[in-house]
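Numbering (the numbering used here), first residue to last: 23 to 228.
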């Protein structure tokens with residue numbers, strides 16, 4: 023009897039400020055659900071997985087949903103180890119959420135393996151009336167910090183919600199060296215994450 027093919031593991035992190043909607047985006051991608059009353063703050067790191075077949079090859083996608091609040095940051099730095107890709111998520115209706123993103127890019131630079139692939143995501147496009155960040159600003163920030171793609175999404179309406187995950191996985195599979203888990207960590211300088219603004223108020227605290 024032939025031995026079943028072992029799936030190739032791909033590790034992806036979701037990072038960004040509290041209440042940017044990381045957990046909701048993850049649930050939409052994995053389970054295609056949206057829980058409007060889910061305001062539970064992620065503590066440390068939540069973990070989900072998704073199996074898929076691409077070009078007749080099996081993959082096991084490990085998705086780590088990291089806490090956005092500063093008091094949990096010491097719990098999450100070790101989870102960057104071995105990451106193949108990172109989704110950096112902010113809330114388009116919250117200006118402070120967007121302004122904190124350089125800190126998150128810096129944290130990824132400090133802790134993630136060298137050459138890790140990054141995609142910037144502006145979430146909550148269902149809040150058009152409350153938009154505080156232009157799409158062009160997100161595009162500019164993505165280009166500035168070397169993200170391979172920028173997109174705006176809504177976990178609530180499904181609008182482009184699966185796109186960043188799909189594009190990141192495709193890029194990891196098709197980029198030479200991106201699957202190498204032994205890459206060194208790129209950065210070494212200290213990063214002051216406590217300086218980032220924290221979102222207050224209602225909405226998804228993921």
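All C-beta atoms, glycine included, are put in the ideal place defined by N, C-alpha and C.
C-alpha gap between residue i and residue j, whole angstroms
| i | j | result |
| --- | --- | --- |
| residue 42 | residue 200 | 27 Å |
| residue 113 | residue 167 | 18 Å |
| residue 140 | residue 75 | 22 Å |
| residue 71 | residue 151 | 34 Å |
| residue 30 | residue 81 | 5 Å |
| residue 175 | residue 164 | 15 Å |
| residue 162 | residue 110 | 14 Å |
| residue 130 | residue 102 | 8 Å |
| residue 73 | residue 188 | 13 Å |
| residue 157 | residue 118 | 15 Å |
| residue 46 | residue 53 | 10 Å |
| residue 121 | residue 198 | 32 Å |
| residue 133 | residue 169 | 16 Å |
| residue 126 | residue 104 | 18 Å |
| residue 124 | residue 28 | 38 Å |
| residue 160 | residue 77 | 32 Å |
| residue 48 | residue 69 | 10 Å |
| residue 100 | residue 180 | 31 Å |
| residue 196 | residue 153 | 34 Å |
Buried versus exposed call for residue i [16 or more other C-beta atoms within 10 Å across all chains shown]
| i | result |
| --- | --- |
| residue 186 | buried |
| residue 79 | exposed |
| residue 50 | buried |
| residue 135 | buried |
Own chain, CB closer than 7 Å to residue i, minus 5 neighbours either side, in chain order
| i | result |
| --- | --- |
| residue 194 | 32, 106, 107, 139, 200, 201 |
Residue i at chain B interface by Cβ criterion, 7 Å
| i | result |
| --- | --- |
| residue 122 | Here there is only one protein chain, and chain B is not present. |
For residue j and residue i, believed in contact at Cβ under 8 Å, the rounded distance
| i | j | result |
| --- | --- | --- |
| residue 178 | residue 56 | 5 Å |
| residue 83 | residue 191 | 7 Å |
Spatial neighbours of residue i in its chain, beta-carbon cut-off 8 Å, leaving aside the 5 residues before and after
| i | result |
| --- | --- |
| residue 171 | 141, 142, 164, 186, 189, 190, 193 |
Residues near residue i in its chain [Cβ-Cβ closer than 6 Å; skip 5 each side]
| i | result |
| --- | --- |
| residue 182 | 173, 175 |
(Q) With a threshold of 8 Å, are at least 3 pairs of Cβ atoms found where one atom belongs to the region 114-121 and the other to the region 143-152? (A) yes
Q.
Three Cβ pairs or more, each shorter than 8 Å: is that satisfied between the region 33-42 and the region 80-88?
A. yes
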